[in-house]
Amino acid sequence: MRGFSPPPTDGQFIGYTGIMRASARHPLGPHDEIGWRLIRPAWGFGYATEAAQASLDDAFLRVGLTEVLAYTAPDNVRSQAVMTRLGLRRDPARDFAAAFDGTNKWQGLVWVSRHTV
Numbered sequence: 001m002r003g004f005s006p007p008p009t010d011g012q013f014i015g016y017t018g019i020m021r022a023s024a025r026h027p028l029g030p031h032d033e034i035g036w037r038l039i040r041p042a043w044g045f046g047y048a049t050e051a052a053q054a055s056l057d058d059a060f061l062r063v064g065l066t067e068v069l070a071y072t073a074p075d076n077v078r079s080q081a082v083m084t085r086l087g088l089r090r091d092p093a094r095d096f097a098a099a100f101d102g103t104n105k106w107q108g109l110v111w112v113s114r115h116t117v
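Here UniProt numbering is used: the first residue of the sequence shown is 1, the next is one more, and so on.
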């Protein structure tokens, strides 16, 4: 297939995923955010979904969080697909725009994952 290649199998770093606490200065205020970033050759193999699911399981079951947010740009359909596969739900009421570097405005579409005991 054009644009696809097998992921590295030599122990090469292919990306990261995890949950971090956003500061009170964030447009949404303090919250827990999940994110991921993979090198392009690792796209399309389910790694982001698998790693993000493990992060959410840990956050909810071990850490005890009850809500985790994810956000992405409107044109990032790949991340939106991962969010859908993870069971996150869109929350348009929390969408935001921010100029993080003081000049370039970025729009975030917000997705929410909740866990109730």
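We put the beta carbon where it would ideally sit given N, CA and C, even for glycine.
Cutoff 8 Å: residue i Cβ touching any chain C Cβ
i, result
"F96", "Of the protein chains in this structure there is only one, and it is not chain C."
Spatial distance of residue i from residue j (CA atoms)
i, j, result
"T49", "P92", "22 Å"
"M83", "L109", "11 Å"
Beta-bridge pairing of residue i - partner residues as DSSP gives them
i, result
"E67", "R114"
"Y16", "R37"
Contacts around residue i, its chain only, beta-carbon distance under 7 Å, and the 5 residues preceding and following it disregarded
i, result
"Q53", "L86"
"A99", "K105"
Which listed residue (the options) has its alpha carbon closest to that of residue i
i, options, result
"G18", "A42, G46, H26, D57", "D57"
"R40", "D10, I14, R62, S79", "I14"
"P74", "W111, R62, G64", "W111"
Reduced DSSP secondary structure (H/G/I, E/B, other) of residue i
i, result
"L56", "helix"
"R21", "strand"
Same chain, Cβ closer than 6 Å to residue i, five either side skipped, listed in chain order
i, result
"W36", "T17, A48, A52"
"R2", "The pLDDT assigned to R2 is 43, lower than 50, so where the model puts this residue is not dependable, and the model offers no usable value."
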